[in-house]
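Protein chains in written order, with the working numbering: chain U, 351 to 460; chain S, 33 to 146.
No residue lacks a Cβ here, since even glycine has one placed at the ideal position from N, Cα and C.
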Amino acid sequence: DAKTTQPTSMDCAEGRAANLPCNHSTISGNEYVYWYRQIHSQGPQYIIHGLKNNETNEMASLIITEDRKSSTLILPHATLRDTAVYYCIVRTNQGGKLIFGQGTELSVKP
Amino acid sequence: SAVISQKPSRDICQRGTSLTIQCQVDSQVTMMFWYRQQPGQSLTLIATANQGSEATYESGFVIDKFPISRPNLTFSTLTVSNMSPEDSSIYLCSAPAAGEYGYTFGSGTRLTVV
């Protein structure tokens, strides 16, 4: 399974863009990059996923480098409710299971 | 996407006893997953539950300790057996959402073993 590396923690000012990086240098050609977040005491919430192209939805944007060895999750206008642990996950092609790393604890501050 | 109802939401149990956690999905899914989240830690996959076959356990987890049932395509249970305080964790179930749009998680069971 491809591994991911994320910073342990980040701060972001409310209203500013939050850019969360992730390294996945051993990703295989048919593996997707998924992002989830977990707000305290809740189950993880799906944010976005992508294979090669950049993706955008109502929650966030996902930028994947051309070599696919890293990606960045962008929350365009962070709010206090975006404070959470954000997980970057490479989805294995063996049974579709999700393996979680340690994630990035994002703190959005007023 | 699929909605998962998980219960109980929390429990306090005596050491040596067992607790069964239930997850009900509002649509049929081929696979369900069970995770453990120890205090202050990330999620660790316990096993994958397929309907009609035995669950597949990850390294470090065994069926005698965490027996899993999957009687149909919408339901699964995880039992934490012969509990000790080290089993105090949040246990979560998960299932694929519609299409490729991620996986849905239950709200978790917060277990405290005393």
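Relative to the C-alpha of Q38 of chain S, which residue among S:Q46, S:Q54 and S:S50 is closest?
Looking only at S:Q46, S:Q54 and S:S50, the smallest Cα-Cα distance to Q38 of chain S is reached by S:Q54.
Got a sec: is the Cβ-Cβ distance from S378 of chain U to anything in chain S below 9 angstroms?
Output row for S378 of chain U: interface = no.
With DSSP run on the structure shown, which of helix, strand or coil describes P441 of chain U?
This sequence places Arg at residue 441 of chain U; Pro is not what is there. Collapsing the DSSP output to three states places R441 of chain U in coil.
Given this structure, state the Cα-to-Cα distance separating S126 of chain S from Y135 of chain S, to the nearest angstrom.
When the Cα atoms are used, S126 of chain S and Y135 of chain S turn out to be separated by approximately 7 angstroms.
Nearer than 8 angstroms: is that true of the beta carbon of T429 of chain U relative to any heavy atom of the ligand GTP?
For the structure depicted, the ligand GTP is absent and the ligand set is empty, with no information on it obtainable.
Please report whether the beta-carbon of S74 of chain S lies at a distance below 9 angstroms from any beta-carbon of chain U.
The Cβ of S74 of chain S sits closer than 9 angstroms to at least one Cβ of chain U.
Contact with chain U by P71 of chain S, beta-carbon distance below 9 angstroms:
The beta-carbon of P71 of chain S is placed no less than 9 angstroms from the nearest beta-carbon of chain U.
Rounded to whole angstroms, what is the Cα-Cα separation between K353 of chain U and V440 of chain U?
Taking the straight line from one Cα to the other gives about 7 angstroms.
With 9 angstroms as the C-beta to C-beta threshold (strictly closer), list the residues of the segment 415-437 of chain U near chain S in chain order.
Residues of the segment 415-437 of chain U with a C-beta atom less than 9 angstroms from some C-beta of chain S are V435 and Y437, listed in chain order.
Take E405 of chain U and list the residues in its own chain whose beta-carbon comes closer than 6 angstroms to its own, dropping the five residues that flank it on each side.
Take E405 of chain U, set aside five residues on each side of it, and the residues of its chain with a beta-carbon closer than 6 angstroms to its own are I398 and L412, in chain order.
On the DSSP bridge list, what partners appear for T111 of chain S?
Residue pairing by DSSP places T111 of chain S opposite S:T52 in a beta bridge.
Closer than 7 angstroms by C-beta to F93 of chain S: which residues in its own chain qualify, once you throw out the five before and the five after it? Chain order, please.
Here the set comprises I78 and A79.
Hey, V57 of chain S and F107 of chain S: beta-carbon distance below 9 angstroms or not?
Their beta carbons are under 9 angstroms apart, which means V57 of chain S touches F107 of chain S by this criterion.
Quick one: is P40 of chain S near chain U, going by C-beta distance under 9 angstroms?
For P40 of chain S, the answer is no, since every Cβ of chain U falls outside 9 angstroms of its Cβ.
CA-to-CA distance, L425 of chain U to I462 of chain U, given in whole angstroms
This structure cannot speak to residue 462 of chain U, because chain U is shown only from 351 to 460.
Below-9 angstroms beta-carbon distance, H399 of chain U vs any chain S residue
So yes, H399 of chain U belongs to the interface.
With DSSP run on the structure shown, which of helix, strand or coil describes R431 of chain U?
In this structure, DSSP gives R431 of chain U a helical state, which the three-state scheme calls helix.
Can you find a C-beta in chain S that's less than 9 angstroms from the C-beta of P394 of chain U?
P394 of chain U has a beta carbon lying within less than 9 angstroms of a beta carbon in chain S.
Can you tell me which residues form a DSSP beta bridge with P117 of chain S?
Secondary-structure assignment with DSSP links P117 of chain S through no beta bridge to anything.
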